Each structure stands twice: as structure tokens, then as C-alpha cells.
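Heads up: the sequence shown begins at 13 in the working numbering, then just goes up one per residue.
What follows is a set of notes on a single structure, which appears directly below.
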Amino acid sequence: MARRFCDRTDAGQRLAARLQEYSERSDTIVLGLPRGGVPVAFEVAQSLHLPLDICLVRKLGAPGQPELAMGAIASNGVRVINQQVVERLGIFPEAIDQVAAKEQVELERRNLTYRQGRPPLQLTNQTVILIDDGVATGSTLRAAIAVIKAQHPTAIIVAVPVAPPATVASLKQEVDEVICPLMPEALNSISLWYENFDQTRDRTVCELLAQAASVSTKTHHPLDQPWRTSQQSPPQEQQNGSE
């Protein structure tokens, strides 16, 4: 069995080793899911010399069980619901709407905090490598995939360090390829598959995105956007938000 990951940096480096065929391609973009997926995606983007951006998605935690995903929301009004969870717990539509409204506020806060005036990269006719630090049910990733598909990419590659085999098999039906080094039957918790799984802070996400944008500008990647720099400090981060 493959060894656990030291941390998200190690996970990103090991994913990059599996993605070498995309190195330095002018038609490929790396997207990370904040917060924990960004450090992983940053390592992949740096190793493969590709531009990095974020895909903002928020998990919808089940009432009374916030760690259990009953769905997810993303930009442009995308909402993905896990019908199995909703039906098993008897969750009413009003409860879903209430949770979604709360997460929409956090989605908008993160958009302002992380982008700092930088517009998103255009995904049309590009190969998109979508990265998170691990996957359980896949609800969050499916919302991200829906957002990406709406922009008509050439292909979508999901790359995650760890996920259950059933989730990987399900995701393979929705994207062009899934890269996943660790596929334990009993996932239990993503954190168990890392030696260090500290919470990724907003400031870390901002710093990594700014560094990636600086590198992309210096290398004159053809996908570069007219980044606008901001001298303002990031808004104060919320400590109690889920990944």
C-alpha cells in the first residue's frame, strides 16, 4: 500500500509526478479548491510550469451533521445535491435553502479575499486539472465540475491525493481522467491519510495565488490575464468556516 502523505506539499509533488504529460503545455490550467486544495494545486502548477487559479465551491453540510455533505454550491448559481443523503436524513428543501444561503455569503467573501482584483482565468478550449486535498463523497468536486463544464473546456482532469474507490469510479463518469494515488476502501477521514493536515488559512491561499500569478506573468504564459494588483490587505478571515 502507498505511504501516507507528509503534508499537502508532499501530496502535490506526488500528484505532479503523475501529471508530467501536461508539463509546460500552453493549453492547460490548474485549478485548486480552497482552502486545502490550493497548496496541493500550487505544487502541481509550479512543478509543471502551468498557470494556477481557484474554483470557488462551498459544501452544504447536513443539518446537525455539518461534516456530512448533502450537496455543494458554486458560482453562477450552480447547486449539486446528494439525493441519497437528503432522502436518508429526511432533509426538507427549506433546510437546504437555509444552509445554501449561509454558504453563499462565505462563497462571496472568499471570492473577494482570494482574488484581490485578479479576474479568473478563461477555461474555454483549455485542459483543466482540478485539484483538492482529498475527496469523500465528491459533492464539492461535482459542483466544481459543473462550473467548469459551463465554460466549455477541452478536457477536465481531476487529480486528488486520496479518495475511496467508489467515489473515484463515480467521478470517472463525469470527467476525462481521474488521478488518485491512494484509494482506501475505508476512508474514514481525509486527515488520517496525512501526517500533517493543519487547517489552511486564508492568508496562505492569498500568498500562494499571488506567487503563482507573479510567476505566470514573468513567464508570459499565453493564457495570462491582465492582472490588477491591489495594495489592500485581505479581509479578516473567518476561523470557523469548513473547507
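Where a beta carbon is used, it is the ideal one built from N, C-alpha and C, also for glycine.
Just so it is clear, the structure is predicted and the values come from calculations on it, not from any experiment.
Next on the checklist: Does the contact criterion of 3 or more C-beta pairs under 8 Å hold for the segment 166 to 181 versus the segment 67 to 87?
Outcome noted: Contact between the segment 166 to 181 and the segment 67 to 87 is absent, because fewer than three Cβ pairs lie under 8 Å.
Next on the checklist: By alpha-carbon positions, which one of Q32, I202, V187 ends up nearest to C18?
Outcome noted: I202
Next on the checklist: Suppose contacts are defined by Cβ-Cβ distances below 7 Å. Is V187 in contact with V159 by that definition?
Outcome noted: Judged by beta-carbon spacing, V159 lies beyond the 7 Å limit of V187, meaning their Cβ atoms are not closer than that value.
Checklist entry - Are the Cβ atoms of I143 and A53 separated by less than 7 Å? => result yes
Next on the checklist: With the cut-off set at 7 Å, would you say L31 and A224 are in Cβ contact?
Outcome noted: no
Checklist entry - Count the other CB atoms within 10 Å of the CB of A29; is the residue buried (16 or more) or exposed (fewer)? => result exposed
Next on the checklist: With a threshold of 8 Å, are at least 3 pairs of Cβ atoms found where one atom belongs to the segment 126 to 142 and the other to the segment 104 to 111?
Outcome noted: No, they do not touch.
Checklist entry - Three-state secondary structure (DSSP) at P78? => result In the structure shown, P78 sits in a strand (DSSP, three-state: E or B).
Next on the checklist: Does P234 pass the burial test, meaning 16 or more other C-beta atoms within 10 Å, or should it be called exposed?
Outcome noted: Residue placement at P234 is poorly supported in this model, since its pLDDT is 41, which falls under 50; the coordinates still yield a value, given next. P234 is exposed by the Cβ-count criterion.
Checklist entry - Going by beta carbon distance, what residues of the same chain come within less than 7 Å of V92, once the five residues before and after it are set aside? => result G83, A84, S151, R154, A155, A158
Checklist entry - With DSSP run on the structure shown, which of helix, strand or coil describes I169? => result strand
Next on the checklist: Which residue marks the beginning of the beta strand (DSSP E) containing I93, and which one marks its end?
Outcome noted: Unbroken beta strand (DSSP E) run through I93: 91 to 93.
Checklist entry - Going by the beta-carbon positions, is the gap between R122 and L68 smaller than 7 Å? => result Remark: C-beta atoms of R122 and L68 approach each other more closely than 7 Å.
Checklist entry - For the putative contact between Y34 and T139, defined by C-beta atoms under 8 Å, what is the C-beta separation to the nearest angstrom? => result Correct: roughly 7 Å between the Cβ atoms.
Next on the checklist: In this structure, how does DSSP classify R20 when only helix, strand and coil are distinguished?
Outcome noted: helix
Next on the checklist: Going by beta-carbon coordinates alone, are E99 and H61 separated by less than 7 Å?
Outcome noted: no
Checklist entry - From L199 to I141, what does the alpha carbon distance come to, in whole angstroms? => result If you take the alpha carbons of L199 and I141, they lie about 23 Å apart.
Item to check | Beta-bridge partners of L194, as assigned by DSSP | outcome: L194 has V174 as its beta-bridge partners, per DSSP.
Checklist entry - If you run the structure through DSSP and keep just helix, strand and coil, what is T136? => result coil
Checklist entry - Can the beta-carbon of I66 be found closer than 7 Å to that of P51? => result P51 sits away from I66, with the two beta carbons spaced by 7 Å or more.
Next on the checklist: Contact defined as beta carbons within less than 8 Å: I believe Y206 pairs with R16. What is the distance between those atoms, to the nearest angstrom?
Outcome noted: 6 Å
Checklist entry - Given that a residue counts as buried once 16 or more other Cβ atoms are within 10 Å of its Cβ, and exposed if not, what is E55? => result buried
Item to check | Rounded C-alpha distance that separates V48 from R70 | outcome: Before going on, a small fix: residue 48 reads as Gly here, not Val. So the two alpha carbons sit approximately 12 Å from each other.
Item to check | Where I285 falls: helix, strand or coil (DSSP) | outcome: In the structure as shown, the chain starts at 13 and stops at 255, and residue 285 therefore has no counterpart that could be examined.
Next on the checklist: For K71, list the residues DSSP reports as bridge partners.
Outcome noted: BP columns for K71 point to A84.
Item to check | Buried versus exposed call for V117 [16 or more other C-beta atoms within 10 Å across all chains shown] | outcome: Burial call: exposed.
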